[in-house]
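Enquirer: Have a look at the structure that comes next, please.
In full-length UniProt numbering, the protein residues as written are 1 to 118.
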C-alpha cells in the first residue's frame, strides 16, 4: 500500500499517479508521525525517545485504521510506512551540520534526549 521509495520499486513507473486512498493514507501517517514527535518533545526527555515515539505512532495508527475499517494488512503497511518516514527524518536530521549558535532550550532538550535538531 504505502512505501516511501515508490519510484524505486519495480513497475513503479506504471503507477505515477497515486490513488486518493494512497494520498489520504500518507496524510494520515504524516499527521500521526508529526503529532507523536511533537508530543514527545513537549513531554520531555526520556531514555529512549525513539522507542516511545514508535509505540505512540503504532498505537495511534492502529486506532485510526480501525476507525476507518481498514484490514490488518493495510494497517501494518501504514505502520511500516510511518516507521520508514520516521527513520528517513531521523537520518536527515543526523546528516545536517550542527548550528554554531547556542540555540534555545528546546534544542538543548533535544540534544540531551539524543535527537539532533537541524
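In this text, a Cβ means the ideal position worked out from N, Cα and C, and glycines have one as well.
1. For the 8 Å Cβ check, are there 3 or more pairs between the segment 15-27 and the segment 48-61?
2. I need the DSSP call for residue 67, collapsed to helix, strand or coil.
3. What's the call for residue 71, buried or exposed, on a 16-neighbour Cβ count within 10 Å?
4. In chain order, what residues of the same chain lie with their CB nearer than 6 Å to the CB of residue 29, ignoring the 5 residues before and after it?
5. State the Cα-Cα distance for the pair residue 63 and residue 32, rounded to the nearest angstrom.
Expert: Result, derived from the coordinates:
1. no
2. The residue you call residue 67 lines up with position 67 of the chain shown. Reduced to three states, the DSSP call for residue 67 is helix.
3. The residue given as residue 71 occupies position 71 in the chain shown. It is exposed - the Cβ of residue 71 has fewer than 16 other Cβ atoms within 10 Å.
4. Within the chain shown, the letter at position 29 stands for residue 29. So the list reads 78, 81 and 82, once near-sequence residues are dropped.
5. As a working note, residue 63 is residue 63 in the chain shown. As a working note, residue 32 is residue 32 in the chain shown. Looking at the two C-alpha atoms, the distance is approximately 11 Å.
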